[in-house]
Every structure is written in C-alpha cells, then in structure tokens.
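Chemist: Per my numbering, the sequence shown starts with residue 664, numbered consecutively. Glycine included, each C-beta is placed from N, C-alpha and C at the ideal position.
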Amino acid sequence: MFTRITSAFMLAILCCLVAVATLAAAATQITYPEKTFADGKAHHFTYKTDDGVAIRYFIIKSSDGVIRAAFDACDVCWPENKGYTQKGDVMVCNNCGRRFPSARINEVHGGCNPAPLKRKVEQGNVIIQVADIFQGKRYFDFRR
Numbered sequence: 664m665f666t667r668i669t670s671a672f673m674l675a676i677l678c679c680l681v682a683v684a685t686l687a688a689a690a691t692q693i694t695y696p697e698k699t700f701a702d703g704k705a706h707h708f709t710y711k712t713d714d715g716v717a718i719r720y721f722i723i724k725s726s727d728g729v730i731r732a733a734f735d736a737c738d739v740c741w742p743e744n745k746g747y748t749q750k751g752d753v754m755v756c757n758n759c760g761r762r763f764p765s766a767r768i769n770e771v772h773g774g775c776n777p778a779p780l781k782r783k784v785e786q787g788n789v790i791i792q793v794a795d796i797f798q799g800k801r802y803f804d805f806r807r
C-alpha cells in the first residue's frame, strides 16, 4: 500500500511539474526589474527559440535616464554575428567599429545602428513581449 501511495504521489508531482513547464514555455512577455539597469551598463540577454535560434539583445539605461533595448545586431553587420560592446556611454559595433551614443538607441533605425527592440517600463519593471523578440530572429538565424 505504501508503494501505491508513493507512486501516486510521485505521479501527481510529475503532472504538476509538466504543467508548470508548459506555462513557462507559453510566456508572452519577459519582465526585468528596472533597478537591474540603474548602473548604466548594457546587459545582454539571449532568447532561445524552439527551433534553436539564439536571439540576442541588450537593455541599457542611457545617459538621459531612459531604459532602451536593442537587438545585438544591425541591418548591415548582422551576417558577421559580432554584436555590440559598450565603451563608456556608447555602444560599439564589434564588426565595423561604428559608435552609437546610448541616448540614440531606439531613436535611430536602420544602417549599422543597433536594431530597435520594443520595450515598456511599468510599475518598476522593464517588459518585453516575446513576439517583439521574435521580430529580430532574422538577425540570428544562420541555418540557411
């Protein structure tokens, strides 16, 4: 009898874990505490898609105090898959060396500018929709 109860209990726990994993996989947004970015440094993140593409992006609190987000790629240099590095108050393209002031991220689009990623700040959190992250998949899908 003890074995049956234990097995039934373990099965119930397993079912709960599967349900939690399914909910996590179905998340529609990613939330970060706004205070994470108070240091003014670019924080890099990766979102891995179900088909194995790693979409990279960064979030930074710019010199004008605005939380900004961009893909770690641009319309020109993305095939090199090198992204950006922060040097002081600018993001530098690791491929061509162009420099972009933090306050211009999400303001200037196209060319070698970091490709903008939609974000919003609400109630002390930075919120990014997963659907918006998927908009940058083309910069990181090298399976072709």
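Suppose you measure from the CA of alanine 705 to the CA of alanine 736; what does that come to, to the nearest Å?
Modeler: C-alpha separation (whole angstroms): 14 Å.
Chemist: How far does the alpha helix (DSSP H) with phenylalanine 797 in it reach, from first residue to last?
Modeler: Unbroken alpha helix (DSSP H) run through phenylalanine 797: 793-797.
Chemist: Taking only the alpha-carbon atoms, compute the straight-line gap between asparagine 757 and glutamate 785 and give it to the nearest angstrom.
Modeler: Their Cα atoms are separated by approximately 32 Å.
Chemist: Thinking C-alpha only, which one of Gly751, Pro696 and Tyr802 is nearest proline 777?
Modeler: Of Gly751, Pro696 and Tyr802, the residue nearest in Cα terms is Tyr802.
Chemist: If you draw a straight line from the C-alpha of valine 793 to the C-alpha of glutamine 749, how long is it?
Modeler: Taking the straight line joining both Cα atoms gives about 25 Å.
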